[in-house]
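Q: Sharing a structure below in structure tokens format, with a few things to ask.
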Amino acid sequence: GQQLNQSPQSMFIQEGEDVSMNCTSSSIFNTWLWYKQDPGEGPVLLIALYKAGELTSNGRLTAQFGITRKDSFLNISASIPSDVGIYFCAGQPVGGSEKLVFGKGTKLTVNP
Amino acid sequence: NAGVTQTPKFRVLKTGQSMTLLCAQDMNHEYMYWYRQDPGMGLRLIHYSVGEGTTAKGEVPDGYNVSRLKKQNFLLGLESAAPSQTSVYFCASRDYRGTGELFFGEGSRLTVL
């Protein structure tokens, strides 16, 4: 089946640092979504991308839909302790609109 | 706003016991999903439904059954629980139109001894 390769698997950073994570695939996707999961909670949508090349920001978060439609990245600027959690990328495959494909997640730890 | 509600939130079972997880959504979504989350494995799709009375297998369906008798409810059943089914289970729903955004419940932590 289709897979998303998400990296890095985990990150340990100091408060105030910038963070970058990405997802790649050998398949083309129509939509890229970035979710955050706080400890003990379900994932919540951060940013949705619908068009190749699209760059979208949500506060300190910026995400881009790769021009080849096979990748996406998420940047977090000036990290704060509440950024701790697991970040998931998800893609909606071409022709497969019922299911999303999820990456395995990036676990972020922010040291105050 | 309830959104997606899962019950129970925690459960401990013995090997061979059966149980049902209930998911309820109040957003009138057509699509509903059951995922399991294990350390380092991300979210893996167990079963999903695109409408009342329909279900389909995901990537890890073995050992689970589902039913969608009402549009707002999606039940996940374990007929004979195994320790390998120890996991955190998430239900999600979405509108069939457009954006692809999934709305998740808070999760149900299941331990099988």
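Which chain is which? The protein sequence lines are D and E, in order. Quick note on this note's numbering: the first sequence kicks off at 79 and runs consecutively. Quick note on this note's numbering: the second sequence kicks off at 317 and runs consecutively. Every residue gets a Cβ at the ideal spot worked out from N, C-alpha and C, and that includes glycine. Because the structure is a prediction, the values reported are computed rather than measured.
Can you confirm whether residue 392 of chain E, when its beta carbon is compared against all beta carbons of chain D, has any partner nearer than 7 Å?
A: By this cut-off, residue 392 of chain E is not an interface position.
Q: Name the chain D residues that come within less than 7 Å of residue 366 of chain E, Cβ to Cβ?
A: Ordered by position in chain D, the residues that pass the 7 Å Cβ test against residue 366 of chain E are 176.
Q: Beta carbons nearer than 9 Å to chain E: which residues of the region 116 to 142 of chain D have them?
A: Cβ contacts with chain E come from 118, 119, 120, 121, 122, 123, 126, 128.
Q: CA-CA distance, residue 427 of chain E and residue 116 of chain D?
A: Taking the straight line joining both Cα atoms gives about 21 Å.
Q: To the nearest angstrom, how far is the alpha carbon of residue 118 of chain D from that of residue 372 of chain E?
A: Rounded to whole angstroms, residue 118 of chain D to residue 372 of chain E spans 28 Å at the Cα level.
Q: Does the Cβ of residue 325 of chain E have 16 or more other Cβ atoms within 10 Å, making it buried, or fewer, making it exposed?
A: By the neighbour-count rule (16 or more Cβ atoms within 10 Å), residue 325 of chain E is not buried but exposed.
Q: Pop quiz: residue 393 of chain E and residue 382 of chain E are said to be a contact at Cβ under 8 Å. What is the actual Cβ separation, rounded to whole angstroms?
A: About 7 Å separates the two Cβ atoms, so the contact holds.
Q: What's the gap between the Cα of residue 407 of chain E and the Cα of residue 421 of chain E?
A: C-alpha separation (whole angstroms): 5 Å.
Q: By alpha-carbon positions, which one of E:391, E:400, E:319 ends up nearest to residue 120 of chain D?
A: That would be E:319, whose Cα lies nearest to the Cα of residue 120 of chain D.
Q: Between the Cα of residue 145 of chain D and those of D:155, D:133, D:152, D:154, spot the shortest distance and give me the residue it belongs to.
A: With distances taken between Cα atoms, residue 145 of chain D lies closest to D:133.
Q: Rounded to a whole number of angstroms, what is the C-alpha to C-alpha distance between residue 156 of chain D and residue 107 of chain D?
A: Approximately 30 Å between the Cα atoms of the pair.
Q: Out of curiosity, what's the CA-to-CA distance linking residue 153 of chain D and residue 114 of chain D?
A: If you take the alpha carbons of residue 153 of chain D and residue 114 of chain D, they lie about 13 Å apart.
Q: Residues in its own chain within less than 6 Å of residue 142 of chain D by CB, not counting five upstream and five downstream?
A: So the qualifying residues of the chain are 133, 151.
Q: When burial is assigned at 16 or more other CB atoms within 10 Å of the CB, is residue 158 of chain D buried or exposed?
A: When all chains shown are included, residue 158 of chain D counts as exposed.
Q: Ignore the nearest five residues each way along the sequence and tell me which others in residue 354 of chain E's own chain have a CB closer than 7 Å to its CB.
A: Excluding residues within five positions, the ones whose Cβ falls inside 7 Å are 403.
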